[in-house]
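Protein chains in written order, with our numbering: chain A, 2 to 232; chain B, 41 to 287; chain C, 15 to 372; chain D, 6 to 331; chain E, 20 to 326. Backbone N, C-alpha and C define an ideal beta-carbon position, used for all residues, glycine too.
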Amino acid sequence: MNKSLILKLDNIYSSYGNVQVLNGVNLQIRKGEIVSLLGRNGMGKSTTIKSICGILKPHFGRIEFNNVKITGMESYKIARLGVGLVPEGRRIFANLTVKENLIGSSIKGYWDLDKIITLFPIFEERLSQLSSNLSGGEQQMLAIGRALMTNPSLLILDEATEGLSPVISQKIWNVLKKVSNEGISILIIDKISQELKNVSNHSYILERGKSVWSGKLSEISIDDSKLFLGV
Amino acid sequence: MNKILKIVNLKKNFGAITASNDINFCLETGEIHALIGPNGAGKSTLIKQIMGEIKQDSGEIVLSGINISNFKTEDRIHLGFARSFQITDVILDFTILQNVLLAKIGKQKKYYNFYSSIESSEFSSEEIKSILLKIDLWDKKETPASLLSHGERRQLEIGIALALDPQLILLDEPMAGLSLDKIEKMKFIFNQIKNEVPILLIEHNMDVVFSIANRISVLVNGKIIASGTSSEIKTNLDVRKAYLGTA
Amino acid sequence: ADGHKLKVGMITTLSGGGSGLGIDVRDGFMLAVRSSKDIEVVIEDDQRKPDIAVQLADKMIQSEKVDVLTGIIWSNLAMAVVPAAVNQGKFYLSPNAGPSALAGKGCHENYFNVAWQNDNLHEAAGGHANSTGFKNTFILAPNYPAGKDALTGFKRYFKGNLAGEIYTKLGQTDYAVEIAQIRASNADSVFFFLPGGMGIGFMKQYAQSGIEIPVVGPAFSFDQGILKAVGDAALGVKNTSQWSKDLDNKANKKFVSDFQNEYGRLPSLYASQGYDTGRLLISAMAKASVNDMEAFRDALRSADFDSTRGQFRFSSNHHPIQNIYVREVIKEGDTLTNKIVSVGLKDHSNAYVDQCSM
Amino acid sequence: MISEKKISYISLIGIFFIAIFSEYFDEPYLITLLSRIIIFSIAAIGLNLVLGFGNLVSFGHAAFFGLGGYVSGILAIHAFNSELLISWPFLFSGSNNSIIIWLFTILFCSLLALLVGAFSLRTSGVYFIMITLAFAQMLYYFAISWPSYGGEDGFSIYVRSTLFGINTMKGLNFFFICFFWLLIILFITGKVVNSPFGLALRATRLNLTRVKSVGINPFRIQLMAFVLSGAITGIAGSLYVDLNRFVSPSLLSWQMSGEFIVFILIGGLGRIYGPLIGAAFFVAFEQFFGSYTEHWQIFLGIIIISTVLFAKGGIIGFILEYKKNE
Amino acid sequence: MTAELLIEQFLNGLQFGFMLFLMSAGLTLIFGVMGLINLAHGSLYMIGAFSAAATFAFFNSFWLSLLASFSCAAIVGIIVEKTIIRKLYNRDHLDQVLVTFALILFFSELVRWIFGAFPLYLDVPELLNGSIEIFSGIYYSKYRLFIIFVGLIIAIFLFFLIGKTNLGIQIRAGQHDREMISALGVDISKLYTLLFGVGAALAGLAGALIGTIQSVEVGMGEPILILAFVIIVIGGIGSIKGAFIASLLVGVVDTLGRFLIPWVLQTVTNPSDAMSIGSAIGSMLIYILMAIILILKPTGLYGKQLS
Ligand SMILES: Nc1ncnc2c1ncn2[C@@H]1O[C@H](COP(=O)(O)OP(=O)(O)OP(=O)(O)O)[C@@H](O)[C@H]1O
Ligand SMILES: Nc1ncnc2c1ncn2[C@@H]1O[C@H](COP(=O)(O)OP(=O)(O)OP(=O)(O)O)[C@@H](O)[C@H]1O
Ligand SMILES: [Mg+2]
Ligand SMILES: [Mg+2]
């Protein structure tokens, strides 16, 4: 594999005030790859994402996006470089309608309102509904749609299929595969599952804020799996 | 078996959206009853109606023979309902202990007590200790909820529900976002609890549902289309089409 | 002066809304006493809050041990301070507020008002309305005690009909409604008492409305400090005052020129009152020591000083007996100012003399 | 290490001894100021109960302060003039007995708080801020334009009310009465805040849905806190009127409500002694800078802004933080 | 009372409503849309009026002073936002109340320091002086018609800005979750600075326009501050339409109330008492109105109830 490097995390340390959470995270994503980030609860996966997106500023280490150093950059600038985020807990804008959520931060490109509606037909009749009234799963779809509408070159999903029914999850996996075939890179956090194993090209495991394992998920040893993932 | 909770002909519309379409359903002692269905089928809405957080358009909710259809949430909780939220909702500025204490205070109607100190022994009783041990958070009892990880907050939600000393528990996707080790732990907790209090479980994680549910009902577009044991549901074609997909 | 020392506590409004009045009273007073080495003045800002004023009075009396208090601008603050102060054996000389309660039943031998009883200027306006021949007048004032006193004062002397009587909201600044009512009322004249910003707004809007009915008011809305802000809308308006810049007497000429030299602006009504208060005090000190309360009181009562208003003496309830003039707003070059056109009420006292048991 | 408790006790004892010394050095005005500080802090402690612990930003607490003042003033002036206050169902011409005055104050302020609270608590957030303001403004305008008790002029009550034959006109004695009230109120709020009720109240501030889902009716909790708060602030109003021997609508003005909030925030939000420290600072600042420049409010503005931006926990928070880093 | 007078008073009410809208327009942006409680709105209003008066004294041109009013207010607004306000977005309402309360103290004293304690002069330009007859017998001041016109323009401008552009969506999103909207590529700080500047400019403009027929003095901003909040809250926070309708409603209710209540009371008591009781009720009227509306609709007329 000689595709160009899109994202590179080099020995990242981050903390919330006095609470040290990341103690050396390393991670790389190439163009068009789907990379998954795994680990038990509280190991620092979401914190890693926040550090990439500039929501949290790492106090040590270096992050490069398309060979540009983005450590310490303001989060909106990072987003404008082409990083799209589906955050943990959805964080939809509850005071806006479904449509406003989708178009508010959109950037012209492949994904537009029509394509999102084709992907999630449920939104068709709810464009003007207040998004806080959506069901849990619908909100997750909205968060995914919102990120896609920014037409990113790197899509990050934190708890990608949380709260989604099996049918919809399958749909999401298919979309992700398609998207990555078009050359968009994906970083995904999700509970370990067969689909995840199938789609991800490469995986990293975090343990207490440190990268402790990386490789192809289907090749993980039973011991490592027990040790790091609890199964 | 004893039918604790009975739902009769429940209906609810949000404008053009039908969230509950003539739902009939019951929860029996000693069981974990799973409620599954596509996103937006009306599962959370059903729980909200059972709790009295939103009012049904028509139909009845009956608890142990008492028609509680028009009761306020508060009264239902005192009758023995407890629930967890689909999106974790603990009090972040409170410690684990305070979160659980609050539930105890609510249940025992101690909230008009102006004079005793919450630190006094009356409130940090053995009972609370046993709950915290059950949910595996006793060691962290003085930790503010804001410093807990996602999984621990979910555990805390269960603890709060238990502190309400409930007759039945309604759990809205308690496993969402939990890692597999935590899921195993939760499954263990649920199996322990169910003998004392039956559980209505909403969950999209089919592995969990099929392994611990005694009965499963499937809700699609506000209507229950099937009800039965794991094996019956797994093989039901309608359910496969509407919900499970090819999995 | 013959060496009688005396300490004055001045409580007045120096910050916040309405501080212009306090500043003028202070400046006028200080101008009068600046040459006297025997007077020590302590000045405090009441922020136009009655509770602060009360506490400052306590401070002046208890800690500063002043002999005489003065300075308060507003009736409600005076009501808060004066009774307590005079009951504790201090003299109070009012340079501005003259609420009826302190002129009638609540009068006190140690309380002297050097400005006017609150009703005076309004009474004169009523008298002026009669002599001009107004028959049907529309009157308005804000809905608070001073506003009611104003309309009562006007009605006491006005003999014609009332085309309408309106109490507006205190602090109101838009008068479209009232102006429409005036227009619809067939009034032949308007009398208003709207102090401060209220009056500025009213006059501008009235001028805008194109109504030609003549307006009369007390001097407060047409005085030096405020005229500039009203602008040409005030030109020609008749207003009543016990003082005017162009009063032709020696004391006044000296006052006007001294004030201009000292502060670089034209003096206002309030400045003249502050100045007269200072002059009264100095005249009394020349006659008696403040430690001899009886003698000092008599000295004050005799009002043996050259007032900027010419004739000045106290009635039995210690309020001025003086001429109230009718002035007209004119332009001197580019500056708006007032000129006396007639005497509204001659040697005017006040309506509460009989109620005072002094 | 200095703890919040220590700061609190030091400030209490400090105030007490300054008062004693002022008497000794014949500085009666200082005693008046101290009484004023205490009264303001009682008012703000009342507000802090709902604002600091229940996150109910009442912008209308001057209503209770003012009502307390008017109730006391009206009782006292009728007693002073021996005029009948009511003639039915029994004859009553006011009273200048402090105990009776306080009882009436508590009664009326609680009732008003019950009324205002019952309506206002239907709303939340900014709407709550505004509706409490609305009620206070109604009272304010009513007081200004209602002629019976002086309208905007207010009225004097000439002498302080009496308590067990103590000479209340003497500054130090009156200070002791205020100080005693402060101790009572501090004790009560300290108890309440740490009680189950207090926990429930704090919870309503943080997460309403959660509170409801454990069977607590937040409305009732908040209403009770609001009534208690109103009564406490009312007592402060009553004492304030006694201090000044004067009642006026300015007690009811929105600036007054604003100042209470300022005391709380300067001292430290949600801390039992916060209002005391805040009020002390405010009054001291006003006296000190006020005697230097008419424009002291500019500096007050700057100080407040800096406190909020850089000392998040108010003065107490700042001291604690500072000591910790030392 | 004649029907004409009643109609005229009703029109006066509407006109007063437009004036109220003008006063509250800036606050609608800053408070309604950005969610920042800005008590210093009145100070910006005052700054606008004083800059206008100062400019007028210098150049004697009304139009130039209007220009000065909103540019000065905008500049002050932007400076204040960049140095102080932006630290408050993540704080709770209380901190915002306190800091902006402090800003009132600061600006009032500062302006008094610079301009002195006496009111300043600002007057209607020749072009808009006097009144015209709009119906037979009903005269209307040209200047007031001008205020209505400006009010309408601003209403339309705000409605489009907030309701119809992505900018509006982004700002409202930022009010809900700043971190998130920023992670989606929106420079929310800059937007907020901009918006605060526009809000300040509108406040300043209103100060000059209304100060022209009222009075330009220190403290002129305080009464309008509360009024503006009342209007936004009645209309429902975040809704431009709500603020607009609430302005007209308050304008009409206040005007007619002040006019009709004493008149009605005259039938039961003597005119003087009727007048004084009536105006007592009249001055409480808008607060009564607000309390009633909030009791019936706890989030105002057009406010959204978030679950
Ligand atoms: N805002 C915060 N302040 C302080 N500590 C935090 C904060 N957010 C997270 N933490 C702590 O940081 C650690 C890592 O949290 P993070 O959210 O990154 O975990 P995670 O791997 O995403 O877990 P999960 O699977 O539960 O989402 C946890 O121990 C958590 O308690
Ligand atoms: N207040 C409301 N107003 C309008 N529509 C609503 C409201 N609440 C819920 N809905 C709609 O009702 C439907 C049922 O919602 P509900 O939350 O019960 O779904 P759910 O079965 O829990 O779905 P999920 O598995 O995604 O959580 C959804 O389509 C939702 O958009
Ligand atoms: Mg996470
Ligand atoms: Mg749901």
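Would you call the CB atoms of residue i and residue j closer than 8 Å?
| i | j | result |
| --- | --- | --- |
| SER132(A) | GLU34(A) | no |
| ALA205(D) | TYR151(B) | yes |
| ILE196(C) | ILE214(C) | no |
| LEU41(E) | ILE175(E) | no |
| ILE123(E) | ALA59(E) | yes |
| PRO214(B) | ALA122(B) | no |
| GLY235(D) | LEU144(D) | no |
| LEU117(E) | ALA72(E) | no |
| ARG215(D) | ILE131(B) | yes |
| ALA143(C) | PHE205(C) | yes |
| ILE251(E) | THR119(E) | no |
| GLY57(D) | GLY279(D) | yes |
| THR238(D) | ILE226(D) | no |
| ALA92(E) | LEU63(E) | yes |
Give every residue of the same chain whose Cβ lies closer than 8 Å to the Cβ of residue i, excluding the five residues on either side of it in the sequence, and list them in chain order.
| i | result |
| --- | --- |
| ILE79(A) | ILE53, CYS54, GLY55, PHE66, ILE71 |
| GLY263(D) | PHE64 |
| ASN49(B) | ASP62, ILE63, ASN64, SER98, GLY99, GLU100 |
Between which residues of its own chain and residue i is the CB-CB distance below 6 Å, once the five residues before and five after are set aside?
| i | result |
| --- | --- |
| GLY141(C) | TYR171, GLY358, LEU359 |
| SER251(B) | none |
| GLY193(E) | ILE200, ILE207 |
| PRO7(B) | The structure shown does not extend to residue 7(B), since chain B is modelled only from 41 through 287, so no value can be given for it. |
| ALA247(C) | MET217, LYS218, ALA221 |
| GLY45(A) | VAL22, LEU23, LEU207, GLY210 |
How about residue i: is its Cβ closer than 7 Å to a heavy atom in ligand 3?
| i | result |
| --- | --- |
| LYS222(B) | no |
| LYS95(B) | no |
| GLU65(A) | no |
| ASP191(A) | no |
| GLU89(A) | yes |
| ASP65(C) | no |
Beta-carbon within less than 7 Å of residue i's beta-carbon, same chain only, minus the 5 sequence neighbours each way: which residues are those?
| i | result |
| --- | --- |
| SER326(E) | Because SER326(E) carries a pLDDT of 42, less than 50, the predicted location of this residue cannot be relied on, and no value is offered for it. |
If you measure from the CB of residue i, is any heavy atom of ligand 1 nearer than 7 Å?
| i | result |
| --- | --- |
| LYS46(A) | yes |
| ASN42(B) | no |
| GLY25(A) | no |
| ASN57(E) | no |
| HIS195(E) | no |
Cβ-heavy atom distance between residue i and ligand 4 below 7 Å?
| i | result |
| --- | --- |
| SER133(A) | no |
| SER136(A) | yes |
| GLN126(B) | yes |
| SER218(D) | no |
Is residue i close to ligand 2? I mean its beta-carbon at under 7 Å from any heavy atom of the ligand.
| i | result |
| --- | --- |
| GLU139(A) | yes |
Exercise. Quick one: complete beta strand (DSSP E) runs, 3+ long, within the segment 262-341 of chain C?
Worked result: DSSP runs (the beta strand (DSSP E)) wholly in the segment 262-341 of chain C: none.
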